[in-house]
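The next block holds one structure in the form of structure tokens; read it before the comments.
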Amino acid sequence: MLQVVDLQNSKEFQGLDVELLSISPDSLHAWQDGVSEFGIETPVLSDADNGVASAYGVMQWAMGSEPGHTFVLVDRDGRIRWIRDYGAPQNGGLMYVPPEDLVPEISSQLSD
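Numbering (this note's numbering), first residue to last: 11 to 122.
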């Protein structure tokens, strides 16, 4: 949850003018306490059957039936502009990426 909190509170991330969504196979009920405790304002969505994760191809980094920690940048026309699973071993195995590391990557994809 810290990833979502830090991104939603980052002025640099906000300056990108992108919509942040957190999508998880967890139920909305499972998120409820954390959303309240951490003041999460970002939309939190449940993808219980991993249909969204599968549609965007992120299950390739899954650990069992759980999708990885994946960022997907989708443009207004629904096209994937950038995708990266930082939790994958080839991408560093990270479960948290500081906003100051994400912002330049996302920004470079927006200018293409």
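Quick reminder that beta carbons are idealized off the backbone N, C-alpha and C, glycines included.
Cα-Cα separation between residue i and residue j, rounded to whole angstroms
{"i": "I50", "j": "K21", "result": "15 Å"}
{"i": "Q24", "j": "L17", "result": "8 Å"}
{"i": "D36", "j": "S56", "result": "6 Å"}
{"i": "L112", "j": "V54", "result": "20 Å"}
{"i": "Y106", "j": "V62", "result": "21 Å"}
{"i": "D43", "j": "E115", "result": "31 Å"}
{"i": "A65", "j": "Q119", "result": "21 Å"}
{"i": "P109", "j": "L26", "result": "12 Å"}
{"i": "L30", "j": "P99", "result": "24 Å"}
Residue i - DSSP class collapsed to helix/strand/coil
{"i": "I50", "result": "coil"}
{"i": "D85", "result": "coil"}
{"i": "D57", "result": "coil"}
{"i": "E76", "result": "strand"}
Supposed contact pair residue j and residue i - C-beta distance, whole angstroms, cut 8 Å
{"i": "T52", "j": "V28", "result": "Contact flag wrong, Cβ pair sits at about 11 Å."}
{"i": "G74", "j": "G97", "result": "The pair is not a contact, with the Cβ atoms about 13 Å apart (cut-off 8 Å)."}
{"i": "T80", "j": "R94", "result": "7 Å"}
{"i": "V45", "j": "V68", "result": "At roughly 22 Å, the Cβ-Cβ gap does not stay under 8 Å, so V45 and V68 are not in contact."}
Boundaries of the alpha helix (DSSP H) in which residue i is found, first to last residue
{"i": "D95", "result": "Careful: D95 lies outside any alpha helix (DSSP H), inside the beta strand (DSSP E) at 90 to 95."}
{"i": "S118", "result": "109 to 120"}
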